[in-house]
Amino acid sequence: MASKFIPGPILLMGPPGAGKGTQSKILMVQWSVPQISTGDLLRDMRKDPAKSASQLGVQMRQVMDAGHLIPNELVEAIVLDRLRQPDAYRGYILDGFPRTLPQAIWLDKELSIEKETLPIVAVNIQVSYTKLLRRITGRRSCPTCGRIYNIYFCLPENETVCDVDGTVLVQRPDDTEEVFAERMRTYEEMTAPVVEHYHGMARFAEVNGDLPVGDITRAITDAIVRLRS
Ligand SMILES: [Zn+2]
310 MASKFIPGPI
320 LLMGPPGAGK
330 GTQSKILMVQ
340 WSVPQISTGD
350 LLRDMRKDPA
360 KSASQLGVQM
370 RQVMDAGHLI
380 PNELVEAIVL
390 DRLRQPDAYR
400 GYILDGFPRT
410 LPQAIWLDKE
420 LSIEKETLPI
430 VAVNIQVSYT
440 KLLRRITGRR
450 SCPTCGRIYN
460 IYFCLPENET
470 VCDVDGTVLV
480 QRPDDTEEVF
490 AERMRTYEEM
500 TAPVVEHYHG
510 MARFAEVNGD
520 LPVGDITRAI
530 TDAIVRLRS
């Protein structure tokens, strides 16, 4: 199935900490498709010499040098340019775009113009609030070797120090319940209309993100195969 199946454009959604990054990487390998993240695209436009010299790269630099935010139209143009690259022909995994309803509507329209391009299917990784909260507020890291622990799920031998080098573990100042709750609110407010949009067109599925990684991958795969049939 992995070789014959054409996944097409996939939008993977999920709140911060739901494991979207992990799942994206697995799906990329499984279907040999790229992951397309607006964050990466914009970074490349600045840092990659060939891309920053391109017409879009130059436009972006002008906007940024003037101290302006990158306008939506420019983000859209950069995304569209990436979607048309040959490696994205059989599909891709979208990360961070479309983020708003107008962007979703715009992308649907652009894709419907292209010949032989499948419509987007969206999969939302749903994780319980408490579990996400623990994943984030329980996170501790070792300043020496960078190893990550979690006081709820992945405790070191000796509660407060790194198993490898004995360094005292630290917590990132952002990993608090207040910051998490705020991030979740923003995420839900912003993505609810996008979820509605794909749901309304029967191109949406939800998977249980509380399962082990492999089970989540299987659920996402099944959902996409079903939505494509
Ligand atoms: Zn360490």
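With this note's numbering applied, the sequence shown has no gaps in its numbers, which climb one by one up to 538 at the end. Glycine included, C-beta positions come from ideal geometry on N, C-alpha and C. The model shown is predicted, which means the values in this text are computed figures rather than measured ones.
When the beta-carbon positions are compared, L365 and I335 stay at least 9 Å from each other. Pairing Y507 with A431 gives a Cβ-Cβ distance under 9 Å. Distance from the C-beta of C463 to the nearest heavy atom of ligand 1 is not below 8 Å. In the DSSP annotation of this structure, G348 is not part of any beta strand (DSSP E); the continuous alpha helix (DSSP H) holding it starts and ends at T347 to K356.
Counting C-beta atoms within 10 angstroms of its own C-beta, K329 has 16 or more neighbours from the protein chains shown and is therefore classed as buried.
Per the DSSP secondary-structure output, N433 pairs in a beta bridge with M322 and E515.
The segment 311 to 324 makes contact with the segment 433 to 441; the number of CB pairs closer than 8 Å reaches 3 or more.
Collapsing the DSSP output to three states places V372 in a helix. For I460, the secondary structure class from DSSP, reduced to helix, strand or coil, is coil.
With 6 Å as the limit between CB and the heavy atoms of ligand 1, the residues that fall short of it are C451, T453, C454, R456, C471, V473, D474 and T476. Counting along the chain, S450 sits inside the beta strand (DSSP E) bounded by residues R448 to S450.
In the structure shown, the three-state DSSP call for Q344 is strand. Remark: C-beta atoms of I345 and R537 do not approach each other more closely than 9 Å. Under the three-pair Cβ rule at 8 Å, the segment 345 to 362 counts as touching the segment 397 to 413. For E425, same chain residues with a beta-carbon under 8 Å away, outside a window of 5 residues either side, do not exist.
Under DSSP, Y401 forms a beta bridge with P318.
For the 9 Å CB-CB criterion, Q339 and T526 form a contact. Between the alpha carbons of A362 and G400 lies a gap of roughly 27 Å. A direct Cα-Cα distance of roughly 46 Å separates D390 from P465. Per DSSP, reduced to three states, the secondary structure at V504 is helical. Note that the segment 450 to 464 touches the segment 473 to 483; at least 3 beta-carbon pairs, one per stretch, sit closer than 8 Å.
Beta-bridge pairing by DSSP links V477 to V470.
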